[in-house]
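Protein chains in written order, with this note's numbering: chain L, 1 to 103; chain X, 104 to 662; chain P, 663 to 881.
Don't be surprised by glycine CBs; every beta carbon is placed ideally from N, CA and C.
For reference, the structure is listed below as structure tokens.
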């Protein structure tokens with residue numbers, strides 16, 4: 001930093017607040033979702049809780065991809081690339097499960 | 104440097120100051136610098152392509168010698184020529200080297216590397232240093248695998264199926280596995296570079312539907328590199344762990360599942376067939392319009408078919424596992440989906456033949472290879488439909504029918520396209536013309552030798568001869584001898600080009616800018632091109648494949 | 663991506679690109695293409711975990727209950743904090759606050775190292791509990807359940823592979839921090855920070871997925 005936090009000028013302070021709002025909110029959202037999952041994992045409140053846990057993970061992944069990695073602000077091609085890998089994972093898992101769930 | 108490839112030194116001499124000391128050498132990429140360092144630390148995509156060309160040719164020779172050993176062993180039915188163990192090692196070396204170190208890098212890493220920037224009007228690939236890195240990664244992987252070969256070889260087959268490779272095989276499996284794992288990264292880096300280059304480096308005005316099909320098929324190939332290769336990396340890492348630490352996931356003794364390895368293996372290795380085939384299709388799509396002097400028929404459909412093949416190929420891997428214990432549901436799904444592959448493949452073949460129709464044909468060497476390609480690819484493709492059919496597959500699974508089928512695709516397809524492309528672009532790569540008569544003789548020899556070698560194997564497989572055995576019942580001997588005899592013709596066909604092409608480097612006629620009257624930006628620049636590819640920014644043509652003969656029937660093809 | 667860059671912040675064009683925008687776009691696309699391969703690399707391991715779970719549900723649950731759930735959870739927190747510091751480094755790079763950026767990068771590297779230290783401690787605890795079935799010479803805790811070895815060994819392969827990525831990431835980050843602390847860096851290579859940030863976030867994301875898949879859902 002150009003100078004210690006206490007002596008930042010008002011404009012710099014405003015700039016800092018403006019720039020860091022999104023990362024901090026993202027951080028809080030991720031921590032909240034993690035807290036949900038850790039609680040679920042530690043207490044195991046009901047049968048098949050894994051399904052809910054996976055939903056929470058999916059939400060965390062979406063937050064990281066869309067906000068932390070700024071996919072929301074990227075051009076369409078980058079959006080496509082960010083989803084392509086997950087789509088291919090779905091192909092791999094889905095086609096493999098036709099075997100293992102069909103045995 | 105002007106487009107005609109000569110430097111007018113007279114102008115320089117008219118300057119009042121003393122002229123700069125100039126070396127009497129052309130400024131093309133081959134002669135710009137000549138130190139070893141300038142080759143091994145180059146970031147010029149054309150020089151890296153030449154490094155790859157030299158390396159994969161060496162691997163082709165190693166793989167071909169191993170094939171010769173296999174055919175020699177199979178001349179007699181009782182395995183008297185060599186020990187069974189030697190035979191197993193020979194066919195494994197042949198498979199490992201040909202698949203991982205020749206076929207997969209063959210066309211993309213050499214022609215793709217050289218031509219994609221030229222075809223799209225760019226100065227280089229997007230990441231030149233990464234491109235050089237990929238060659239070093241390739242050579243590192245090759246080193247590991249060659250260590251395994253030199254120390255005594257392996258007998259797992261190129262597929263490394265567990266538990267043979269993890270528990271039963273003796274020999275140097277680990278270095279070979281590590282080598283193949285490493286080579287995967289060079290594929291990934293090449294594919295990544297191509298994808299980004301084709302997206303971002305096209306010259307102004309070079310829209311997607313002005314790109315040559317060669318670029319489209321390489322784009323499709325690169326997607327497969329990116330989407331499939333990491334999975335085989337994981338599969339091989341698990342296999343290495345299994346062999347080194349007995350982690351158990353593929354070991355039935357602990358409840359592990361060897362079929363799971365096959366799933367992961369074929370999730371990569373079936374799409375890898377299209378890594379090997381698609382670039383060849385791109386080569387053929389360039390050669391045929393040039394030697395028919397006719398616009399490529401159905402350009403958009405050929406382009407879409409490339410992307411279609413690259414997508415469909417991810418849904419069919421289970422057809423390698425019909426009798427390996429996977430569920431009936433999986434077998435049915437994979438069988439039905441496998442038939443879908445025939446559609447885009449046929450689209451391409453029909454479009455090539457329609458391009459030839461009423462064209463002004465010249466049967467020069469590249470065109471001979473291209474015509475051979477179409478015929479052999481059709482035969483290889485149609486027999487693939489037999490294999491995709493569940494009931495027939497029960498009968499011919501793991502027989503010589505499979506061996507013949509994929510050699511019709513891999514040799515009849517990829518190798519012929521590789522040789523055709525090598526002759527087509529040789530003047531551009533080297534600035535020299537090869538001997539046309541020798542070229543044609545070799546092309547015909549290869550076509551003849553290939554069919555004599557592999558057609559009998561269809562019959563052998565149909566009659567029930569299993570693959571990978573060192574011995575066979577005596578009634579199969581006649582066809583096996585025929586196959587081995589064909590291999591000697593094939594070998595002669597391979598040796599000739601190596602001789603006359605190398606000869607042409609020093610004694611060949613100087614090549615003009617565009618010896619074939621072909622279209623495409625690579626034919627606009629000098630032969631060989633300057634280091635930054637174009638002396639002045641190239642002008643992108645109005646339409647792709649703007650040949651004299653246009654299709655009369657498709658008047659409505661405005662957009 | 664290039665939104666809101668301060669004056670004097672940007673990148674220097676390399677010879678083979680026509681424009682700076684083209685160069686920036688190529689780099690962004692390149693790292694995303696690389697991340698696709700990283701995703702599939704780990705996804706294949708997760709698929710193996712799923713198949714092991716389907717084929718041996720009891721053994722897998724028994725093995726998963728021996729994993730150090732709380733160390734895994736704390737490590738997830740560590741990486742989420744490191745994602746925050748990395749995001750801060752990117753924001754600082756955009757507004758040209760070079761010293762703040764360098765400090766945020768060092769903090770990120772420190773948090774990554776903390777993760778590895780905790781992971782190392784976890785391995786040590788596993789060793790003490792005889793939960794290393796791949797060690798041929800050491801007795802294994804769950805000998806009665808041979809299939810549990812599959813999951814436990816897979817846990818080591820997955821976490822070691824992730825740890826290797828993190829170690830590579832920390833080394834790259836420290837090397838880059840050294841370069842980035844020099845004068846004029848932000849006017850030449852600002853997008854390095856963005857590209858590297860994408861890699862770091864993604865390695866965190868892999869762990870964010872690995873923690874539930876290995877530690878949580880099989881409990």
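CB contact check: residue i to chain X, cutoff 7 Å
i: residue 50 of chain L; result: no
i: residue 686 of chain P; result: no
i: residue 102 of chain L; result: yes
i: residue 69 of chain L; result: no
6 Å CB neighbourhood of residue i in its chain, flanking five on each side removed
i: residue 527 of chain X; result: 390 and 469
i: residue 457 of chain X; result: 400
i: residue 810 of chain P; result: 721, 724, 725 and 804
Beta-carbon proximity check, residue i vs residue j, cutoff 7 Å
i: residue 27 of chain L; j: residue 773 of chain P; result: no
i: residue 296 of chain X; j: residue 573 of chain X; result: no
i: residue 331 of chain X; j: residue 413 of chain X; result: no
i: residue 859 of chain P; j: residue 742 of chain P; result: no
i: residue 461 of chain X; j: residue 405 of chain X; result: no
i: residue 763 of chain P; j: residue 777 of chain P; result: no
i: residue 623 of chain X; j: residue 309 of chain X; result: no
i: residue 371 of chain X; j: residue 316 of chain X; result: no
i: residue 530 of chain X; j: residue 438 of chain X; result: no
i: residue 353 of chain X; j: residue 265 of chain X; result: yes
i: residue 374 of chain X; j: residue 417 of chain X; result: yes
i: residue 383 of chain X; j: residue 517 of chain X; result: yes
i: residue 82 of chain L; j: residue 97 of chain L; result: no
i: residue 258 of chain X; j: residue 313 of chain X; result: no
Cβ of residue i within 7 Å of any chain P Cβ
i: residue 84 of chain L; result: yes
i: residue 486 of chain X; result: no
i: residue 27 of chain L; result: yes
i: residue 104 of chain X; result: For residue 104 of chain X, the pLDDT reaches just 36, beneath the cut-off of 50, and the residue's location in the model is therefore unreliable, although a value from the coordinates is still provided. So no, residue 104 of chain X is outside the interface.
i: residue 118 of chain X; result: In this prediction, residue 118 of chain X scores a pLDDT of 45, lower than 50, which makes its location untrustworthy; the coordinate-derived value is nonetheless stated afterwards. No, its Cβ sits nowhere closer than 7 Å to a Cβ of chain P.
i: residue 348 of chain X; result: yes
i: residue 460 of chain X; result: no
i: residue 88 of chain X; result: As displayed, chain X neither begins before 104 nor continues past 662, which places residue 88 of chain X out of reach and without an answer.
Given residue i as reference, the closest of the options once Cα atoms are compared
i: residue 248 of chain X; options: X/234, X/269, X/258 and X/276; result: X/276
i: residue 220 of chain X; options: X/205, X/280, X/303 and X/292; result: X/303
i: residue 445 of chain X; options: X/632, X/491, X/402 and X/629; result: X/491
i: residue 700 of chain P; options: P/866, P/798, P/835 and P/877; result: P/866
i: residue 195 of chain X; options: X/272, X/159 and X/151; result: X/272
i: residue 833 of chain P; options: P/796, P/771, P/873 and P/685; result: P/771
i: residue 174 of chain X; options: X/647, X/503 and X/609; result: X/503
i: residue 879 of chain P; options: L/30, L/50, L/23 and L/8; result: L/50
i: residue 513 of chain X; options: X/475, X/426, X/501 and X/348; result: X/475
i: residue 189 of chain X; options: X/170, X/205, X/355 and X/202; result: X/170
i: residue 267 of chain X; options: X/300, X/345, X/307 and X/340; result: X/345
i: residue 453 of chain X; options: X/153, X/366, X/327 and X/478; result: X/478
i: residue 829 of chain P; options: P/775, P/810, P/673 and P/765; result: P/775
i: residue 208 of chain X; options: X/184, X/159 and X/435; result: X/159
i: residue 463 of chain X; options: X/235, X/602, X/224 and X/652; result: X/652
i: residue 814 of chain P; options: P/707, P/838, P/676 and P/694; result: P/707
i: residue 608 of chain X; options: X/620, X/533, X/149 and X/589; result: X/533
Contact belief for residue i with residue j at Cβ below 8 Å, rounded distance in angstroms
i: residue 180 of chain X; j: residue 580 of chain X; result: 5 Å
i: residue 329 of chain X; j: residue 285 of chain X; result: Actually they are not in contact, since the Cβ atoms of residue 329 of chain X and residue 285 of chain X sit about 17 Å apart, beyond 8 Å.
i: residue 152 of chain X; j: residue 213 of chain X; result: 5 Å
i: residue 541 of chain X; j: residue 603 of chain X; result: 4 Å
i: residue 806 of chain P; j: residue 872 of chain P; result: About 27 Å separates the two Cβ atoms, so there is no contact after all.
Any chain L beta carbon closer than 7 Å to residue i
i: residue 414 of chain X; result: no
i: residue 862 of chain P; result: no
i: residue 432 of chain X; result: yes
Residues near residue i by beta carbon distance below 8 Å, same chain, minus five either side
i: residue 801 of chain P; result: 792
i: residue 362 of chain X; result: 424, 427, 428 and 429
Heavy atom of the ligand SAH within 6 Å of residue i beta-carbon
i: residue 713 of chain P; result: What this structure holds is no ligand at all, so the ligand SAH is not there to describe.
Chain-order list of residues whose beta-carbon lies under 7 Å from that of residue i (same chain, five-residue window excluded)
i: residue 863 of chain P; result: 745 and 748
i: residue 78 of chain L; result: 71
i: residue 849 of chain P; result: 670, 671 and 672
i: residue 434 of chain X; result: 421, 425 and 493
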